[in-house]
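Chemist: With this note's numbering applied, the sequence shown covers 89 to 551.
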Amino acid sequence: KTELLDGHLTLVVCALGPRRAAMAEEGAFCLKFLHLTDPETWSKATLLVQAVAKDCESGACSRAKELIPRVQEARRNSNTLRGLTWAIEKVKAAGICEEQELCGKVFGFLAKLATDLPELFPDGIPMLVQHKSDQVTLTRRQCAALHAASVFNLLPSTRHQCQRASRQIDLPSFDLGHVMDKEPHKMLCLVAYFVQVANAGEAFLDERVSFQRRCQNASFDWAQLDEPLCAASVREGCIEDSEGNLQADFANEYLGGGALQGGNVQEEIRFAVCPECYVGMLFCECMLENEAIFIVGTQQYSRYFGYGGKFRFAKPRMVERERPGQLDRHGHWGPTITAFDALQYPGTGQFSASLINRELLKAYVACLGDFEDNSKGMGFATGNWGCGVFGGDPQLKSLIQWIAASAAKRSEMLYFPFGDARVDQLEEVIEALKGKTCAQVYELLMGRTPGAAFKEILAKSKI
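#1: Just checking my contact of F197 with A286 at CB under 8 Å: how many whole Å lie between their CB atoms?
#2: Ignoring anything shorter than 4 residues, give me the alpha helix (DSSP H) runs that lie fully in the segment 233-293, in order along the chain.
#3: Assuming S442 is part of the alpha helix (DSSP H), what are its boundary residues?
#4: How is K524 classed by DSSP in three states: helix, strand or coil?
#5: Can you name, in chain order, every residue of its own chain whose Cβ lies under 6 Å from the Cβ of S494, other than the five neighbours on each side?
#6: At the level of alpha carbons, what is the spacing between G350 and L264?
#7: Closer than 8 Å is the cut-off here; do at least three beta carbon pairs connect the segment 426-434 with the segment 475-492?
#8: Can you give me the C-alpha to C-alpha distance between N333 and P423, rounded to a whole angstrom?
#9: Scan the segment 158-199 and note each continuous alpha helix (DSSP H) run of 4 residues or more that stays entirely inside, going in chain order.
#10: What are the partner residues of A320, as DSSP defines its beta bridges?
#11: Evaluate H273 with the Cβ neighbour count: other Cβ atoms within 10 Å of its Cβ, from every protein chain shown; 16 or more gives buried, anything less gives exposed.
#12: Can you name the residues that DSSP bridges to P404?
#13: Which residue from G457, E544, G507 and A347 puts its Cα closest to that of L484?
#14: According to DSSP, A311 sits in a beta bridge with which residue or residues?
#15: Compute the distance between the beta-carbons of L243 and F121, then report whether it is under 8 Å.
#16: Looking only at its chain, what residues have a beta carbon closer than 6 Å to the beta carbon of G539, apart from the 5 residues adjacent to it on each side?
#17: Is K450 buried or exposed, if buried means 16 or more other CB atoms sit within 10 Å of its CB?
#18: When you compare each of Q249, P404 and M268 to D126 by their alpha carbons, which one comes out closest?
#19: With a CB to CB cut of under 7 Å and the five nearest residues on each side skipped, what residues in its chain are close to A306?
#20: Going along the chain, which residues of its own chain have a beta-carbon closer than 6 Å to the beta-carbon of I518, five neighbours each way excluded?
#21: Based on the DSSP output, what are the partners of A339 in its beta bridges?
#22: Taking V283 as the reference, which of L119, M406, E515 and A441 has the closest Cα?
#23: Bridge partners of G539, per DSSP?
#24: Are L226 and F401 closer than 8 Å when you measure CB to CB?
#25: Just verifying my parser: in three-state terms, what is the DSSP assignment at T470?
#26: Report, in whole angstroms, the separation of the C-beta atoms of A347 and F359, which I expect to be a contact under 8 Å.
#27: Evaluate the contact criterion for the segment 461-474 versus the segment 505-519: three or more CB pairs, one atom per stretch, below 8 Å.
#28: With a 10 Å radius around its C-beta and 16 neighbouring C-beta atoms as the bar for buried, classify D458 as buried or exposed.
#29: What's the gap between the Cα of C326 and the Cα of S390?
#30: With DSSP collapsed to three states, give me the class of L376.
#31: Would you kindly work out how many angstroms separate the C-alpha atoms of A181 and S221, rounded to a whole number?
#32: Would you identify the three-state DSSP class for L119, choosing helix, strand or coil?
#33: Candidates Q160, I383, K403 and A336: which alpha carbon is nearest Y392's?
#34: Can you grab the Cα-Cα spacing for the pair P214 / T246, in whole Å?
#35: Alpha helix (DSSP H) containing R358: first to last residue?
#36: Have a look at F308 and Q438 and give me their C-alpha separation to the nearest angstrom.
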């Protein structure tokens, strides 16, 4: 159905179907599932999944050695599922649950949920495409069903979805197969999520998770913007622990980046511990320069440590125990995450006016927040955006984000340096620039030397 929220049309995907026949008549871009595009294949595949559900319920699948062959058969491909096998064998030691519970109750729940796609998504899901601000809202149950469908290989390929559209759609790839094969610690994160949703109450499963694409241009000249800088501070810890603030996701232009293909940096780790984020990869097209994607209401189901190749699952985070007594007015409980992509490998060109303007616009849209104003009045929790493998200069990027947050009227920029010594002087720079306007700091960015922006700005501020 379509709801009017704060003057914006929001597509709420429900059992009645999103916009039903109107979507087909208008040629809207829509994610279609096998029960719609290939009923014969759907019928054959679901018989195999229903057999898994029956075996799980009867106790015939109570160990990894019994469950894995049945899942492989249901998936109808040659994946080894080594990551899943390892995760099942470690599930008790990881503090998640007993192996018998996972193989029986939990996988039985997933198998049933996977075959419920026709009831949960009778008409598919609208896509969030380029050049258009729009939103899709799902329940936690629907998010879990999409994961379950991927576990049993019941989702059409991304390539198939793109080819079916009236124009070429540029989507990320959503497929849990690689994680189930080769990423045991991400698989443990998924298992921790599966166990919690399988044991969750109806009220929790009915809560909403929203995905919003915001497409917007700045209506001002950065060099003339007299908006004063907002408050700024340097913080310890992680962005995801900054409760009550708009939380940055240092995204790839394709939402999720390498989250399901071996990546283990900021965005990929956030998605691993908050798996409801993954489902946006099904229907969010590649972002343009003036676009950001907001995810509202997802929960973190795992704790972790490490980064990159050292990423490890630590323990489950028991989400429902922390559930508040009241949701927001749109049915959400959880943070507002803003996904925005930085320039990739910009080199020294990132200090040019054109590329600074590109990054300012991108960060500005990200700081505007979602249409429902879930982040209204919040600070902006961020850090070294695009400064790892993408090659950004963190001194430049920290100040670009401060200008953008100020232009978007954020109450504060909370900067998490994550131990990066390149921004050790940021607190000193913040103090030196207090009382400046966006235009004044923008001017200070011009002509800076890579790796020496803070030193040069501090020198200028003392003149």
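Just so it is clear, CB atoms sit at the ideal spot from N, CA and C, and this is done for glycine as well.
Modeler: Looking at the atomic coordinates:
#1: Here the question's residue 197 lines up with position 109 in the sequence shown. Here the question's residue 286 lines up with position 198 in the sequence shown. Sure, about 4 Å apart at Cβ, within 8 Å.
#2: 246-252, 265-270, 272-286 and 290-293
#3: Against the sequence shown, residue 442 aligns to sequence position 354. Per DSSP, S442 belongs to the alpha helix (DSSP H) from A441 to L456.
#4: Numbered from 1 along the sequence shown, position 436 holds the residue referred to as residue 524. Residue state, collapsed to three classes: coil.
#5: In the sequence shown, residue 494 corresponds to position 406, counting from 1. Once the five neighbours on either side are set aside, the close Cβ partners of S494 are E315, L317, C318 and C526.
#6: For this step, residue 350 is matched to residue 262 along the sequence shown. For this step, residue 264 is matched to residue 176 along the sequence shown. C-alpha separation (whole angstroms): 11 Å.
#7: Of all C-beta pairs linking the segment 426-434 to the segment 475-492, three or more are shorter than 8 Å, placing the two stretches in contact.
#8: Position 245 of the sequence shown holds residue 333. Position 335 of the sequence shown holds residue 423. Going from the Cα of N333 to the Cα of P423 covers about 8 Å.
#9: Within the segment 158-199, the complete alpha helix (DSSP H) runs of at least 4 residues are 170-178.
#10: Taking the first residue of the sequence shown as 1, we reach residue 320 at position 232. Partner(s): M501.
#11: In the sequence shown, residue 273 corresponds to position 185, counting from 1. It is buried - the Cβ of H273 has at least 16 other Cβ atoms within 10 Å.
#12: Here residue 404 refers to the residue found at position 316 of the sequence shown. Its beta-bridge partners are S390.
#13: Along the sequence shown, one-based indexing puts residue 484 at 396. The alpha carbon of L484 has as its nearest neighbour, out of G457, E544, G507 and A347, the alpha carbon of E544.
#14: Here the question's residue 311 lines up with position 223 in the sequence shown. For A311, which the question treats as bridged, DSSP gives no partner whatsoever.
#15: In the sequence shown, the residue the question calls residue 243 occupies position 155. In the sequence shown, the residue the question calls residue 121 occupies position 33. Yes, the pair counts as a contact, with Cβ atoms nearer than the cut-off.
#16: Counting from one through the sequence shown, the residue named residue 539 turns up at place 451. Excluding residues within five positions, none has a Cβ falling inside 6 Å.
#17: Position 362 of the sequence shown, counting from 1, holds the residue named residue 450. Classification for K450: buried.
#18: To locate residue 126, count along the sequence shown from 1; it is residue 38. For D126, the nearest C-alpha among the options comes from Q249.
#19: Counting from one through the sequence shown, the residue named residue 306 turns up at place 218. Here the set comprises L449 and Y452.
#20: Here residue 518 corresponds to residue number 430 of the sequence shown, with the count starting at 1. Result list for I518: A320, in chain order.
#21: To locate residue 339, count along the sequence shown from 1; it is residue 251. Paired residues: D429.
#22: Indexing the sequence shown from 1 puts residue 283 at position 195. Per the Cα distances, M406.
#23: Here residue 539 corresponds to residue number 451 of the sequence shown, with the count starting at 1. Beta-bridge pairing links G539 to no other residue.
#24: Translated into the one-based positions of the sequence shown, residue 226 becomes position 138. Translated into the one-based positions of the sequence shown, residue 401 becomes position 313. Contact flag unset, no.
#25: Position 382 of the sequence shown, counting from 1, holds the residue named residue 470. Three-state DSSP puts T470 in a strand.
#26: Position 259 of the sequence shown, counting from 1, holds the residue named residue 347. Position 271 of the sequence shown, counting from 1, holds the residue named residue 359. Between F359 and A347 the Cβ distance is about 4 Å, and since that is below 8 Å, they are a contact.
#27: yes
#28: The count along the sequence shown starts at 1 and reaches residue 458 at position 370. D458 should be labelled buried.
#29: For the purposes of this step, residue 326 is taken as residue 238 along the sequence shown, with counting starting at 1. For the purposes of this step, residue 390 is taken as residue 302 along the sequence shown, with counting starting at 1. In a straight line, the C-alpha of C326 is about 14 Å away from that of S390.
#30: In the sequence shown, residue 376 corresponds to position 288, counting from 1. In the three-state DSSP reduction, L376 falls in the coil class, being neither helix nor strand.
#31: Residue 181 sits at position 93 when you count from the first residue of the sequence shown. Residue 221 sits at position 133 when you count from the first residue of the sequence shown. Distance between the alpha carbons of A181 and S221: 45 Å.
#32: In the sequence shown, the residue the question calls residue 119 occupies position 31. Looking at L119 - three-state DSSP - the assignment turns out to be strand.
#33: Counting from one through the sequence shown, the residue named residue 392 turns up at place 304. Y392 has its Cα closest to that of K403, out of Q160, I383, K403 and A336.
#34: The residue you call residue 214 lines up with position 126 of the sequence shown. The residue you call residue 246 lines up with position 158 of the sequence shown. Between the alpha carbons of P214 and T246 lies a distance of about 14 Å.
#35: As a first step, residue 358 must be located in the sequence shown, where it is residue number 270. For R358, the enclosing alpha helix (DSSP H) starts and ends at Q354 to V361.
#36: As a first step, residue 308 is located in the sequence shown; it is residue number 220 there, counting from the start. As a first step, residue 438 is located in the sequence shown; it is residue number 350 there, counting from the start. So the two alpha carbons sit approximately 21 Å from each other.
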